[in-house]
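A.B. asks: Numbering (the numbering used here), first residue to last: 259 to 659.
For each residue, glycine too, the CB sits at the ideal point set by N, CA and C.
Have a look at this one before I ask anything.
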């Protein structure tokens, strides 16, 4: 017998969610806690056990948690072995044009989900940006903006894998719809900051092309191997992640201490728990009747699908400061009203993504702003217009597809 009405339970759960996020409790623990609160208040105890058991042994859950753990492990291993530094330096040496350095380097390093990873590209971006005459706010913007441009079309990204899993859509079908949005984001970044910048004469230098190209290919090969095994061989992303890890270990030859330090890093376990928590929350919302009750309530208000797919994820992304948290909460709410398709999943992804990009709690934004000794208010002068233009592109793609 349910203890509370489904909608009242949702309110209570959101209060718990807000309180835990305010206390800076990890998103994984927060999502699991909210799922527990929801299930206890709306589902009989035997059914609670069944929902948890079914979610835990579900193949989608297992695959999602495995790939999230694997990609997180790969990113930390890159950092611990020094391969991330080799990758960033080789890119910086290969690209003669400072405009290419400030746009391409952050994007390539964005393929690795290292917490606060924007700091890895910041020193080289700073050097190139000074040759372009960019002030500190513009340096912050280009490092942060171009780092995240690759996310919507990167098949091994944790965020897009989670979105596909929660909405039951194919990753490729989401990615293809987001190519035009990424093109607009790239153009926006160029027009906002780089178009009027000029390269000083000091930018010309001699480079050791062969040596740096070899260093780049060697350090980038684990990432490339992951992408190719998924795109060309149709290998499951969870398997591809560990192929990348195996190749990185062969190349970098980490010491036993490096491996122990990497595998004992709590960050990868927090990220994996967040993936599990997202799937568990979706299962509980479905089993409790909350999704159906909320769907009926929203349907009665005649709120359009576009509003649901854009406003809810944007707001949650901005407040939570994590795209995974935004999607994990948004999908169960919206699923009671619409049936997800690649078209709707893509708009939800972009909305959550852009909300997260502009969030004042976004770790990359905070750390980059601090590194370049800028201020959020000055960075927002460039970031907000870019987000608005990109969101407009997403809406246009949605309406035309």
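So what does DSSP say about residue 354, is it helix, strand or coil?
C.D. replies: DSSP places residue 354 in coil when its eight states are reduced to three.
A.B. asks: Assuming residue 368 and residue 406 form a contact by the criterion Cβ under 8 angstroms, report the distance between their Cβ atoms to the nearest whole angstrom.
C.D. replies: The pair is a contact, with the Cβ atoms about 6 angstroms apart (cut-off 8 angstroms).
A.B. asks: With 16 other CB atoms within 10 Å as the buried threshold, where does residue 570 fall?
C.D. replies: It counts as buried.
A.B. asks: Does residue 305 come out as helix, strand or coil in the three-state DSSP assignment?
C.D. replies: Residue 305: helix per DSSP, three-state reduction.
A.B. asks: Answer with buried or exposed for residue 514, where buried requires no fewer than 16 other C-beta atoms within 10 angstroms of its C-beta.
C.D. replies: Exposed.
A.B. asks: Scan the segment 525–562 and note each continuous alpha helix (DSSP H) run of 4 residues or more that stays entirely inside, going in chain order.
C.D. replies: If we require 4 residues or more, the alpha helix (DSSP H) runs fully inside the segment 525–562 come out as 548–559.
A.B. asks: Assuming residue 632 and residue 395 form a contact by the criterion Cβ under 8 angstroms, report the distance between their Cβ atoms to the nearest whole angstrom.
C.D. replies: Between residue 395 and residue 632 the Cβ distance is about 5 angstroms, and since that is below 8 angstroms, they are a contact.
A.B. asks: To the nearest angstrom, how far is the alpha carbon of residue 325 from that of residue 495?
C.D. replies: Rounded to whole angstroms, residue 325 to residue 495 spans 6 angstroms at the Cα level.
A.B. asks: At the level of alpha carbons, what is the spacing between residue 605 and residue 294?
C.D. replies: Near 29 angstroms, if we compare the C-alpha coordinates of residue 294 and residue 605.
A.B. asks: Can you tell which of 284, 292 and 559 has its C-alpha closest to the C-alpha of residue 269?
C.D. replies: Comparing Cα positions, the closest option is 292.
A.B. asks: Rounded to whole angstroms, what is the Cα-Cα separation between residue 534 and residue 323?
C.D. replies: Spanning the two alpha carbons is a distance of roughly 6 angstroms.
A.B. asks: Would you call the segment 405–423 and the segment 525–544 in contact, with 3 or more CB pairs under 8 angstroms?
C.D. replies: Judged by Cβ distances under 8 angstroms, the segment 405–423 makes contact with the segment 525–544, as three or more pairs qualify.
A.B. asks: Looking at residue 474 and residue 348, is the spacing between their C-beta atoms short of 8 angstroms?
C.D. replies: Cβ distance < 8 angstroms, so residue 348 and residue 474 count as in contact.
A.B. asks: Does the separation of the CB atoms of residue 584 and residue 610 fall below 8 angstroms?
C.D. replies: Yes, the Cβ-Cβ distance between residue 584 and residue 610 is below 8 angstroms.
A.B. asks: Once you ignore the five residues that flank residue 591 on each side, which residues in its own chain have a CB closer than 7 angstroms to its CB?
C.D. replies: Here the set comprises 552 and 570.
A.B. asks: Which residue marks the beginning of the alpha helix (DSSP H) containing residue 401, and which one marks its end?
C.D. replies: Note, residue 401: alpha helix (DSSP H), 394–406.
A.B. asks: With respect to the alpha helix (DSSP H) encompassing residue 470, which residues constitute its N-terminal and C-terminal limits?
C.D. replies: Segment 467–489, the alpha helix (DSSP H) holding residue 470.
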